[in-house]
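Chemist:
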Amino acid sequence: MKKIQEGYQNEFYFVLEFNNKKVFDLNPMLYQVIESLFMNVKESSIIKSWRNHNPRVKGDIFIKIGKDIKTISIKKGSRNSVHLERIDTFTSFLRKQGIRKEIIDSYIRFHYGIDSSNSIVILSAKEYKEKYRDDIIKLNQCLSKVNIDEVVNRFILQGRLSHQSIDGIIYGVPNDFLWITQNDILMIIRNSIHLQSSGVHIGCLFIQPQSRCLNENVSYNKCRDYVQIKWYSLFDDILLYKAGILKNDTT
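So in my numbering, spot 79 of the sequence shown is number 79, and the numbers just go up one at a time.
#1: Just the C-alpha distance for H111 and S211, rounded to the nearest angstrom, thanks.
#2: If we ignore side chains and look at the alpha-carbon of each, how far apart do I169 and S73 end up?
#3: If we call anything under 8 Å between Cβ atoms a contact, is I334 one with D225?
#4: The ligand FAD and S198: does the residue's C-beta get closer than 7 Å to at least one heavy atom of that ligand?
#5: Between Q164, V82, L178, N191, which has its C-alpha nearest I69's C-alpha?
#6: Could you tell me which uninterrupted beta strand (DSSP E) segments, each at least 3 residues in length, are contained entirely in the segment 60 to 88, listed from first to last along the chain?
#7: Check this for me: beta carbons of I46 and K76, under 8 Å apart or not?
#8: Determine, using beta-carbon pairs with one atom in the segment 193 to 204 and one in the segment 130 to 147, whether at least three such pairs fall under 8 Å.
#9: Does the structure place the segment 173 to 185 close enough to the segment 4 to 16 that three or more beta carbon pairs sit under 8 Å?
#10: Would you give the residue range spanned by the beta strand (DSSP E) that Q208 belongs to?
#11: Would you kindly work out how many angstroms separate the C-alpha atoms of L239 and D105, rounded to a whole number?
#12: Return yes when the Cβ of W179 is within less than 8 Å of the Cβ of V33, no when it is not.
#13: With V33 as the anchor, note down where its alpha helix (DSSP H) starts and where it stops.
What follows is the structure, given as structure tokens:
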């Protein structure tokens, strides 16, 4: 029997917690989620919930009360991946953001681990960052000037091919989780834009190849052509935001 991935199983557990329950039956944490998503909801209202099966939609589960439907992204653990797309559509997005060709070419070299002094070698991320530190600094400086709202919308809220945005993120499991709304997500990432790192990033969102396939495993060759966005500090960022330590200083 094929083992169900832990992340998918966790999504199913949340569906079970919500589906066919009345609002007043929920535990206090889940109740707060419903309260923040639905206006003037009655405690006797029946909740319907199901997992998302459309890969174009960012949300993992849907929650419905009456005719109103909300969608939530479920995360847990570390090294959370929030977005994946081909490098050609990603670089097209950068061009539309006004990023110059020389900077886009710089990202492409980083993405494929291209060593300008030795075309035969594929550099690991660590090797590239050590050898081409100045290039990455310049690349990050340019990336920090993109429209952050459009970045958040593409990478986290809505995606590239969907017209439906998520309404928030749950980080954790049904009896122990953190909850942030769509507005919270925007605030957190806006406030991270000046983050300094040796990696390629836009604020707290790190940009990298899905795999450089350094071991030449043919099963993963196609991963070279995909850009992956990681939100490594998701848990810490939510905690800091909830504690009032992250403040919106961009207005």
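Just so you know, even glycine gets a beta-carbon here, dropped at the ideal spot from N, CA and C.
Modeler: This is what the structure gives:
#1: 9 Å
#2: 5 Å
#3: No answer is possible for residue 334: it lies beyond the span of the chain, which begins at 1 and ends at 251.
#4: As for the ligand FAD, it is missing from this structure, which has no ligand bound.
#5: Q164
#6: 61 to 65, 68 to 75, 80 to 86
#7: no
#8: yes
#9: yes
#10: 205 to 209
#11: 36 Å
#12: yes
#13: 28 to 37
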